[in-house]
Amino acid sequence: MATMEIDDLRRILVACAGEDDGIDLTGEIEDSTFQELGYDSLALMESAARITQEYGVVLPDEAVSDAATPRTVLAAVNSMVTAAA
Amino acid sequence: MTVRTVVTGVAVAAPNGLGTEDYWKAVLAGQNGISELVRFDATGYPSRLAGQILDFEAKDHIPSRLLPQTDVSTRYAIAAAGWALEDAAVGPDTLPDYDMGVSLSTAQGGFEFTHQEFQKLWSKGPEYVSVYESFAWFYAVNTGQVSIRNAMRGPGIALVGEQAGGLDVVGHARRVIRRGTRLVVSGGVDSALDPWGYTSQLSGGLVSTVDDPARAYLPFDRAASGHVPGEGGAVLVLEDAGSARDRGAPKVWGEIAGYAATFDPRPGSGLPPGLRRAAELALADAGLEPGDIDVVFADAAGSTAGDRAEADAIREVFGPRGVAVTAPKASIGRLCAGGGPVDLATALLSIRDGVVPATAHTSDVPEEYGIDLVTGEPRTLAVRAALVLGRGRWGFNSAVVVTAG
Amino acid sequence: MNRRVVITGIGVRAPGGSGVKAFWDLLTAGRTATRRISHFDASPFRSRIAGEVDFDAPAEGFSPREIRRMDRATQFAVACTRDAVADSGLDMSALDPHRIGVSLGSAVASATSLENEYLVMSDAGKDWLVDPGYLSPHMADYLSPGIMPAEVAWTVGAQGPVTMVSDGCTSGLDSVGYAVQLIREGTVDTVVAGASDTPISPIVVACFDAIKATTPRNDDPEHASRPFDGSRTGFVLAEGAAMFVLEEYGAAVARGAEIYAEVTGYATRCNAYHMTGLKKDGREMAEAIRVALDEARLDPTGIDYVNAHGSGTKQNDRHETAAFKRSLGDHAYRVPVSSIKSMVGHSLGAIGSIEIAASLLAIKHNVVPPTANLHTPDPECDLDYVPLTAREQRVDTVLSVGSGFGGFQSAIVLRRPEGVSA
Chain A
228 MATMEIDDLR
238 RILVACAGED
248 DGIDLTGEIE
258 DSTFQELGYD
268 SLALMESAAR
278 ITQEYGVVLP
288 DEAVSDAATP
298 RTVLAAVNSM
308 VTAAA
Chain E
29 MTVRTVVTGV
39 AVAAPNGLGT
49 EDYWKAVLAG
59 QNGISELVRF
69 DATGYPSRLA
79 GQILDFEAKD
89 HIPSRLLPQT
99 DVSTRYAIAA
109 AGWALEDAAV
119 GPDTLPDYDM
129 GVSLSTAQGG
139 FEFTHQEFQK
149 LWSKGPEYVS
159 VYESFAWFYA
169 VNTGQVSIRN
179 AMRGPGIALV
189 GEQAGGLDVV
199 GHARRVIRRG
209 TRLVVSGGVD
219 SALDPWGYTS
229 QLSGGLVSTV
239 DDPARAYLPF
249 DRAASGHVPG
259 EGGAVLVLED
269 AGSARDRGAP
279 KVWGEIAGYA
289 ATFDPRPGSG
299 LPPGLRRAAE
309 LALADAGLEP
319 GDIDVVFADA
329 AGSTAGDRAE
339 ADAIREVFGP
349 RGVAVTAPKA
359 SIGRLCAGGG
369 PVDLATALLS
379 IRDGVVPATA
389 HTSDVPEEYG
399 IDLVTGEPRT
409 LAVRAALVLG
419 RGRWGFNSAV
429 VVTAG
Chain W
7 MNRRVVITGI
17 GVRAPGGSGV
27 KAFWDLLTAG
37 RTATRRISHF
47 DASPFRSRIA
57 GEVDFDAPAE
67 GFSPREIRRM
77 DRATQFAVAC
87 TRDAVADSGL
97 DMSALDPHRI
107 GVSLGSAVAS
117 ATSLENEYLV
127 MSDAGKDWLV
137 DPGYLSPHMA
147 DYLSPGIMPA
157 EVAWTVGAQG
167 PVTMVSDGCT
177 SGLDSVGYAV
187 QLIREGTVDT
197 VVAGASDTPI
207 SPIVVACFDA
217 IKATTPRNDD
227 PEHASRPFDG
237 SRTGFVLAEG
247 AAMFVLEEYG
257 AAVARGAEIY
267 AEVTGYATRC
277 NAYHMTGLKK
287 DGREMAEAIR
297 VALDEARLDP
307 TGIDYVNAHG
317 SGTKQNDRHE
327 TAAFKRSLGD
337 HAYRVPVSSI
347 KSMVGHSLGA
357 IGSIEIAASL
367 LAIKHNVVPP
377 TANLHTPDPE
387 CDLDYVPLTA
397 REQRVDTVLS
407 VGSGFGGFQS
417 AIVLRRPEGV
427 SA
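Chains as they are written, first to last, in the numbering used here: chain A, 228 to 312; chain E, 29 to 433; chain W, 7 to 428.
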């Protein structure tokens with residue numbers, strides 16, 4: 228299974244929860260919290276489900292809390308993808 | 029003294045016009061919003077026509093964050109509520125949050141959305157069902173979304189009563205205002221034009237199988253053959269008249285002067301249906317006589333039995349050809365919960381402009397109906413008061429009287 | 007015109023036994039009726055337990071045609087309506103049918119029937135373009151469920167206003183609140199009101215799975231619904247119905263009716279916050295409670311029992327506890343608060359009416375039903391939740407509340423009328 232890149236995550240977030248009008252997702256977002264990016268728990272649950280469908284990994288709830296960041300999610304996904312490979 | 033409820037904002041999302049003025053121009057021009065289905069390939073389906081909104085680009089009207097979580101019907105509701113509030117010059121801070129309520133009707137819920145989730149569940153598995161399915165489908169969704177989007181924390185309600193429910197919510201909004209809430213966003217929308225939703229509407233046996241968009245829905249015509257399902261609706265901003273004046277509301281479209289709802293007796297009982305009684309009760313509630321009403325916006329079932337029953341009720345209340353009658357929904361189809369609110373908006377436009385739109389396409393009204401149906405061209409007519417009728421399958425009857433205020 | 011409204015008849019179909027007596031026996035014994043889902047094979051789902059009603063339509067007196075015509079949710083509503091009318095002793099046929107209304111609550115109405123028909127029309131999800139050749143004549147009624155209140159209206163001969171109130175999980179409180187307003191304003195004198203939901207079907211189970219709102223405690227179904235307990239992990243889906251006869255006070259007294267309670271206050275507010283999330287402070291539920299008490303002209307200290315929403319989700323129980331403190335002040339710590347969802351689960355729109363039924367019976371019997379499965383409260387839930395065991399005490403006034411997706415927060419106040427002995 229392929230690893231997940233920031234553009235993949237960006238695409239999944241937009242597909243699952245749209246994007247906040249006042250926030251530019253195309254910039255450096257790796258270290259912003261999801262809360263800062265305008266995503267609530269529902270948005271993150273939908274995105275986590277999509278990640279499971281695409282990458283075959285199940286993220287623990289705390290990995291996709293609104294305090295998490297794209298960087299931590301990518302790290303969690305990719306470590307599981309690598310471990311499974 | 030009873031609080032008066034006035035309309036300070038109006039918005040229409042209809043198959044022949046998006047936005048109040050576009051809709052009004054289309055209706056007066058007799059522009060038909062009924063066309064061949066484009067949402068899916070209906071080849072082989074017994075009916076293939078619908079009143080479809082074809083020019084609504086969701087991303088132009090709805091915040092991106094709300095797109096993945098909303099059905100098309102909810103998008104209409106959110107957009108129309110926004111336009112109505114803009115028309116009324118009401119923002120989230122215009123009034124205290126608890127002074128603004130929401131009273132909306134839908135009879136079909138977020139059906140296309142839920143159809144997609146049903147398909148994911150059964151073709152792929154439970155883990156593919158969206159987190160949004162838990163609310164995007166249910167009948168309360170529009171009330172919740174409109175309340176959230178506009179920071180309205182007063183009383184909220186969602187009523188389901190088929191085509192009559194769209195009038196019932198307006199009657200209830202007036203009740204809420206009388207009990208002390210200053211402003212209520214009210215009205216209704218519906219849309220179920222995905223293959224499953226559309227097919228489901230056919231099962232009532234009331235949808236026309238005629239395939240000419242100008243001949244399929246001919247209310248009160250000798251050739252009436254059923255109705256055409258449509259989508260969309262209207263949202264109104266209702267306010268306590270005194271409160272609207274105090275905040276300097278830019279305009280008053282009119283007043284919700286009377287309302288009543290009745291239910292038909294059990295089918296086969298031989299007892300008279302309840303539409304006439306609803307009309308009479310609404311008139312009494314408004315303190316008006318039949319002679320005070322300038323125009324009736326008919327429910328317009330489009331079936332011979334339904335049209336005849338309604339013509340009987342109108343004739344019994346107003347006398348033979350005693351009042352102008354029209355059914356602008358002939359050019360948009362029956363919108364379920366959206367139908368009554370669109371008629372209310374149309375009645376308010378008639379009051380504003382002194383013109384009653386025609387019942388598109390209908391030309392041959394049986395003499396024995398005894399109604400003065402506006403056909404062909406719009407009729408110039410000073411309108412001070414209008415009666416709007418709505419009926420729902422199985423016996424719902426609602427009537428609202430709107431006046432110039 | 008501001009007329010008083012009383013409740014004179016009750017009908018209940020809840021998990022754990024049919025009818026009012028079985029329902030009350032279950033609650034007062036602190037027994038639970040949650041179990042492994044038997045309505046369908048739930049093995050692919052995260053949450054596989056529910057509060058199911060053992061409902062035998064022929065034994066309930068439904069004819070073959072009625073069974074074909076009415077779906078399960080409608081059958082529940084009609085069965086409860088028949089019971090409620092019989093319980094009230096009211097001869098509906100002697101009333102002016104124009105002065106009788108119906109207000110039926112339901113959150114998801116015919117969802118189960120929709121799913122059954124979907125499977126046929128789509129051939130188990132295979133076809134997006136469903137086959138109209140497999141269209142059931144009832145499908146329009148499942149799509150737009152006006153038939154549900156219509157069947158109730160036909161059962162009692164109502165020809166006044168008939169409607170369905172569908173405010174998600176507060177539907178069963180709001181439908182009664184709606185009925186109260188119809189009688190108070192003088193539109194009608196009698197309303198059959200209540201709520202019914204039969205949501206135990208794959209699509210509904212799946213959508214609550216998706217947001218992890220229902221509990222995954224599948225190994226211990228009887229103890230899965232644990233409102234206010236620190237170990238709670240979500241609610242248990244359920245089905246059920248409750249219907250009532252509401253009458254204008256003077257008319258009920260004149261005919262010598264047994265009055266369960268007067269509805270003295272009702273209010274609903276939106277939180278305008280989130281479709282599923284709740285703010286911790288309970289502000290809008292507190293406001294609904296405050297307005298309902300105000301309408302009832304009641305000081306918080308006048309409440310003898312609070313029938314909680316108590317769904318057993320982490321956020322609800324904390325939100326609600328905060329709302330009680332905010333609206334009732336110190337009395338929140340003294341008044342018993344309990345959740346019958348611990349025993350009968352959460353039947354979405356129906357539960358508000360089922361909880362009103364429990365509240366009326368608490369007044370009648372002077373017994374507060376317990377919160378079952380509550381052993382170690384969440385430290386943030388620090389009120390008297392009446393753990394495990396019912397409590398005999400004087401109950402004259404009950405506050406019942408509900409909270410639902412969409413942000414709805416509702417409160418109703420029920421009071422034993424003066425002159426009715428305890």
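The C-beta atom is built at its ideal place from N, Cα and C for all residues, glycine as well.
The C-beta distance from Val130 of chain E to Met180 of chain E rounds to 5 Å, short enough to meet the 8 Å contact threshold. In the three-state DSSP reduction, Thr34 of chain W falls in the helix class (H, G or I). With contacts defined as CB atoms closer than 8 Å, Ala230 of chain W and Cys86 of chain W fail to qualify as a contacting pair.
Ser181 of chain W carries a helical assignment under DSSP once its states are collapsed to helix, strand and coil.
The beta carbon of His325 of chain W sits no closer than 8 Å to any beta carbon of chain A.
Taking C-alpha positions only, Arg304 of chain E is separated from Ala333 of chain E by approximately 15 Å. With its beta carbon at least 8 Å from every one in chain A, Leu415 of chain E lies outside the interface. Neighbourhood of Glu155 of chain E in chain A, by CB distance below 8 Å: Ala276, Thr279 and Gln280, in chain order. Against Pro293 of chain E, the close residues of chain W are Pro103, Gly163 and Gln165, in the order they occur along the chain (beta-carbon pairs closer than 8 Å). If you look at Ile278 of chain A, you'll find it in the alpha helix (DSSP H) that goes Ser268 to Tyr282. DSSP places Cys213 of chain W inside the alpha helix (DSSP H), whose first and last residues are Pro208 to Ala216.
The alpha carbon of Ala244 of chain E has as its nearest neighbour, out of E:Tyr73, E:Ala78, E:Val430 and E:Arg32, the alpha carbon of E:Ala78.
Taking a contact to require three or more Cβ pairs closer than 8 Å, the stretch 84-100 of chain E and the stretch 393-402 of chain E do not qualify as touching. Here the alpha carbon of Lys320 of chain W sits roughly 30 Å from the alpha carbon of Phe139 of chain E. In the displayed model, Phe424 of chain E falls within a strand according to three-state DSSP.
Gly367 of chain E carries a helical assignment under DSSP once its states are collapsed to helix, strand and coil. Scanning chain A for C-beta atoms nearer than 8 Å to the C-beta of Ser92 of chain E yields Val241, Gly245, Glu246, Asp247 and Asp248, reported in chain order. Straight-line measurement puts the Cα of Asn122 of chain W at about 45 Å from the Cα of Val34 of chain E.
By the neighbour-count criterion, in which 16 or more other beta carbons inside 10 Å mark a residue as buried, Lys132 of chain W falls on the exposed side. For Tyr126 of chain E, the chain W residues whose C-beta falls within less than 8 Å of its own C-beta are Arg275 and Glu293, listed in chain order.
Excluding five sequence positions before and after Phe411 of chain W, the CB atoms of its chain that fall closer than 8 Å to its own CB belong to Gly174, Cys175, Met281 and Thr282, given in chain order. Leaving aside the five residues that flank Gly330 of chain E on each side, the residues in its chain whose CB is nearer than 6 Å to its CB run, in chain order, Tyr245, Pro247, Ala252, Gly254 and His255. When the alpha-carbon of Gly110 of chain E is set against those of E:Glu283, E:Phe291, E:Thr48 and E:Gln80, the nearest one is in E:Thr48. Chain E has a Cβ within less than 8 Å of the Cβ of Met145 of chain W. About 7 Å separates the beta carbon of Glu145 of chain E from that of Ile209 of chain W, a gap short enough to meet the 8 Å contact definition. When Cβ-Cβ separations below 8 Å define contact, Phe414 of chain W makes contact with chain E. Note: Glu64 of chain E is bridge-paired with E:Leu77 in the DSSP secondary-structure output. Per DSSP, the beta bridge partners of Tyr272 of chain W are W:Ile418. Distance from the CA of Ile62 of chain E to the CA of Thr253 of chain A, rounded to the nearest whole angstrom, comes to 42 Å. Interface annotation for the stretch 283-311 of chain W against chain A: Gly283, criterion Cβ-Cβ distance under 8 Å. In the DSSP assignment, Ser348 of chain W is bridged to no other residue. Glu273 of chain A belongs to the set of residues whose beta carbon lies under 8 Å from a beta carbon in chain E. Here Glu66 of chain W has Ala85 as same chain residues with Cβ atoms under 6 Å from its own Cβ, once five neighbours each way along the sequence are excluded. Identification of chain A residues near Ile217 of chain W by a Cβ-Cβ cut-off of 8 Å yields Leu269 and Met272, ordered along the chain. CA-to-CA, the gap between Arg41 of chain W and Ser317 of chain W works out to about 16 Å.
The three-state reading of DSSP puts Leu376 of chain E in helix, counting H, G and I together.
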